[in-house]
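Peer 1:
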């Protein structure tokens, strides 16, 4: 008898209890693998035209590696350095409202950062962080979707120029 008496009541409670207001979900753009590969390949091609063998690394906003491509002639240390530049672009550069790593040092100095000697870095730097030029952010729909780091030329600004060309090659794909 209780079974039949409570069934309509339980059904009503269950249905009204599930009627929650709709919540808007924020859509976050992501960097597809094919676009990450294209950015890295384009950066490497730009450096190759200038006669340099480099490594290009693309990371997501959390700093996880999406792509690493080491071209012919790139030295072994360029793998880690290109990662550091990409990682710094998505962590440090965005915190300083920059789209590349070359401005981080100047931004930190302007804000009075204390460091070791003339470098505004702690004595024991954070793993993966670098202030060298060569990292750029990849932005889609106004959100950082990744970082591209290039390493292997003798001058960091040349690395950064190649990274910018890699980013420019995928800009139409990021809109």
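Numbering (this note's numbering), first residue to last: -3 to 171.
Glycine included, C-beta positions come from ideal geometry on N, C-alpha and C.
#1: On a Cα-Cα basis, can you pick out the residue from 99, 28 and 104 that is closest to residue 62?
#2: Pick helix, strand or coil for residue 96, following the three-state DSSP scheme.
#3: Could you give the DSSP three-state label for residue 112: helix, strand or coil?
#4: Counting pairs of Cβ atoms below 8 Å between the segment 142 to 160 and the segment 89 to 99, do you hit three or more?
#5: In angstroms with no decimal places, state the Cα-to-Cα distance between residue 46 and residue 103.
#6: Select from 59, 43, 50 and 32 the residue whose C-alpha is nearest the C-alpha of residue 148.
#7: Tell me where the beta strand (DSSP E) around residue 136 begins and ends.
#8: Reducing DSSP to helix, strand and coil, say where residue 70 ends up.
#9: What would DSSP say about residue 31, mapped onto helix, strand or coil?
#10: Got a sec? Which residues, its chain only, sit under 6 Å from residue 85 by beta carbon, not counting five neighbours each side?
#11: Please list the terminal residues of the continuous alpha helix (DSSP H) segment that includes residue 161.
#12: Check this for me: beta carbons of residue 81 and residue 53, under 9 Å apart or not?
#13: Could you compute how far the alpha carbon of residue 67 sits from the alpha carbon of residue 58?
#14: Can you tell me where the beta strand (DSSP E) with residue 144 in it begins and where it stops?
#15: Verify whether the separation of the beta carbon atoms of residue 60 and residue 26 is less than 9 Å.
#16: To the nearest angstrom, how far is it from the Cα of residue 171 to the Cα of residue 73?
#17: Can you tell me whether residue 150 is buried or exposed? The criterion is at least 16 other CB atoms within 10 Å of its CB, across all chains shown.
Peer 2: Let me lay it out:
#1: In this structure, 28 is the residue among 99, 28 and 104 with its C-alpha nearest to the C-alpha of residue 62.
#2: strand
#3: Low confidence applies here, because residue 112 scores a pLDDT of 49, under 50, leaving its location unreliable and the question unanswered by this model.
#4: yes
#5: 29 Å
#6: 50
#7: 131 to 136
#8: coil
#9: helix
#10: 97, 131, 132, 133 and 143
#11: First-last of the alpha helix (DSSP H) with residue 161: 152 to 170.
#12: yes
#13: 25 Å
#14: 139 to 147
#15: no
#16: If you take the alpha carbons of residue 171 and residue 73, they lie about 33 Å apart.
#17: exposed
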